[in-house]
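Structure first, commentary second.
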Amino acid sequence: ALLLACMLIRRGNSAIATILVQGRTTNTGSAYTPSAFASGSTLSASTNTHTRTRLAIMSSSSSASASAGGRPRFVDIGANLLDDMYQGVYRGKARHEADYDAVLQRAWDGGLERIVVTCGSLEESKRGLELARTDARLFSTVGVHPTRCSEFGDNEESVAAHVEALTRIARQGMEDGTVAALGELGLDYARTEFCDIETQKRGFLAQLAIAGETKLPLFIHNRETGDDLVTMLHDNRHRFSRGVVHSFDDSAELAARIIALDLYIGINGCSLKKPENLEVVRSIPLERLLLETDCPWCDIRASHAGSDHVQTKFPTRNEKKFELGSCVKGRYEPCHIIQVAEVVAGAKGIDVAEVAEASRKNAYEFFGGLEKKKRVEGKKPEG
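Start counting the sequence shown at 210; every next residue gets the next number (our numbering).
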């Protein structure tokens with residue numbers, strides 16, 4: 210079994226190899242449907258220490274040459290896998306059968322090693338933790354998106370209660386290493402019809418208290434905020450360990466100010482729409498770059514400035530003409546992260562493998578390893 214596990218790891222199937230050494234022959238993935246979580250299914254018994262150490266050494270050795278010896282390997286630092294589109298529902302209408310399992314399989318087949326499931330509310334944080342516990346390669350965030358900060362309430366007592374509930378979920382997820390970051394949190398001045406600026410700022414600062422207590426890195430949202438967000442990050446830099454401003458689509462000057470705070474920049478399709486966006490990407494050092502899809506959003510379209518650099522295409526059909534095994538037009542998936550890497554590489558004039566490996570290495574360092582510590586058998590998030 211150990212010999213076969215070595216072979217699987219060399220082919221990038223480290224999660225299956227781990228299970229094989231445990232004496233099991235099935236994958237850790239399971240269907241994500243609303244009914245699947247009614248029973249609170251979680252991961253199974255942990256690997257013994259000796260076996261895990263041997264596998265870690267082999268995995269590290271093979272991973273170091275993953276890009277050079279074969280296809281690029283990736284970590285998607287932000288995927289909205291809780292979205293109804295992966296259950297076949299678009300804008301409130303059921304269009305096709307749920308294909309979440311197929312989406313995940315395409316990701317693993319396409320070189321994804323880890324995926325971080327993005328959450329944006331208290332309820333999503335619970336669901337995201339449950340979902341991420343169904344596969345050793347999935348991780349989740351805990352936090353409230355700026356456009357949803359009204360859920361904190363408008364008085365000190367309600368804010369404190371909400372912070373306590375979020376902290377409880379974060380700590381539960383940290384027990385087994387499933388929760389990887391706090392977020393999505395930050396500021397969004399483009400959609401103040403959902404939440405006014407002062408409420409957003411109050412919610413952002415409230416969540417920094419969780420960062421100070423848990424030491425989790427921040428997954429940060431920034432949209433049309435001028436200097437406000439970077440000023441708040443600067444003034445509160447002592448309150449959190451690490452951070453990434455994801456889906457970055459602002460100026461090179463702002464990117465430089467963020468990097469000067471010892472933070473990272475997250476790049477996806479929304480970061481690559483215009484020629485000036487590509488100029489910004491060129492200015493970002495590889496050691497501060499993290500790739501993401503922000504799926505199902507932020508797909509790279511033919512009208513986008515970087516689309517000429519896209520080399521990898523996937524069979525795609527309209528949602529109304531769905532066919533299992535094909536992607537859906539306008540619905541991004543983790544497997545599409547290769548396209549983001551191709552555009553970044555094209556903009557920088559370097560090899561795709563170099564971009565992929567730099568981002569992959571950065572992601573493991575940023576999130577603290579992305580390895581589950583232990584399995585919490587049958588335990589659902591509380592709070």
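Where is the CB? At the ideal position from N, CA and C, for every residue including glycine.
Alpha helix (DSSP H) segment containing residue i, residue limits
i	result
G202	Outside the displayed span of the chain (210 to 592) sits residue 202, for which this structure offers no information.
G337	L331 to A341
Reduced DSSP category for residue i - H, G, I as helix; E, B as strand; rest coil
i	result
R377	helix
G279	coil
Y473	strand
L252	In this predicted model, L252 has a pLDDT of only 30, less than 50, meaning its place in the structure is not dependable; the value taken from the coordinates is given anyway. L252: coil per DSSP, three-state reduction.
K482	coil
R466	helix
D437	helix
F576	coil
F361	helix
N431	strand
T525	strand
D322	Reading off the sequence shown, one finds Glu at residue 322, where the question assumed Asp. Reduced to three states, the DSSP call for E322 is strand.
A461	helix
T356	helix
A303	strand
A316	helix
L500	strand
A370	helix
A288	strand
V564	helix
V537	strand
S456	coil
V351	strand
V298	strand
V519	coil
K583	coil
D514	At residue 514 the sequence reads Ala, which differs from the Asp that was named. In this structure, A514 counts as coil in the three-state DSSP scheme.
Close Cβ partners of residue i (< 7 Å) along its chain, the five nearest in sequence each way excluded
i	result
E551	H518, V519, Q520, T521 and V561
G578	none
G539	D508
I467	V439, V454 and I474
A464	F457, I474, V489, S492 and I493
R400	T356
Neighbourhood of residue i by C-beta, 6 Å cutoff - its chain only, sequence neighbours within 5 removed
i	result
Y398	E433 and T434
T376	I419
E574	none
T234	Low per-residue confidence applies at T234: pLDDT is 32, beneath 50, and the placement is therefore not dependable enough to give any value.
C404	T356, C358 and S359
Cβ-Cβ distance between residue i and residue j below 7 Å
i	j	result
A288	T502	yes
V351	A389	no
F531	H305	yes
A556	L487	yes
N595	L417	Because residue 595 is not part of the residues shown, which for the chain are 210 to 592, the question remains open.
G412	C358	yes
L396	Q409	yes
E333	L291	yes
G525	S535	Here residue 525 is Thr; the residue named in the question, Gly, does not match the sequence. Yes, the pair counts as a contact, with Cβ atoms nearer than the cut-off.
E393	H443	no
T387	F348	yes
V549	L499	no
L427	L391	yes
Endpoints, beta strand (DSSP E) assigned at residue i
i	result
E393	V388 to D397
G555	Premise fails: G555 lies in the alpha helix (DSSP H), I546 to K557, not in any beta strand (DSSP E).
T401	Counting along the chain, T401 falls outside any beta strand (DSSP E), and DSSP gives it neither H nor E.
F531	Careful: F531 lies outside any beta strand (DSSP E) and carries neither H nor E.
Proximal residues to residue i (C-beta, below 8 Å), its chain only, five neighbours per side dropped
i	result
S330	V353, H354, R357 and E360
M383	T423 and L425
E496	A567 and N571
A554	H518, D560, V561, E563 and V564
Check: residue i C-beta below 6 Å from any heavy atom of the ligand GTP
i	result
K483	Inclusion of the ligand GTP in the displayed structure is not the case, the ligand content being empty and no account of it being possible.
Residue-chain proximity (residue i, chain C), Cβ-Cβ < 7 Å
i	result
K302	Among the protein chains of the structure shown there is no chain C, as only one such chain exists.
Decide if the region 548-568 is in contact with the region 332-349; the criterion is three or more beta carbon pairs, one per stretch, under 8 Å apart. As far as the Cβ criterion goes, the region 548-568 does not touch the region 332-349, which means the pair count is below three.
Would you say the region 281-298 touches the region 508-515, given that touching needs at least three Cβ pairs under 8 Å? These segments do not touch.
Are the region 439-459 and the region 471-487 touching, with three or more C-beta to C-beta distances below 8 Å? yes
For the region 318-326 and the region 356-368, state whether three or more C-beta atom pairs, one from each stretch, are separated by less than 8 Å. no
With a threshold of 8 Å, are at least 3 pairs of Cβ atoms found where one atom belongs to the region 541-557 and the other to the region 305-318? yes
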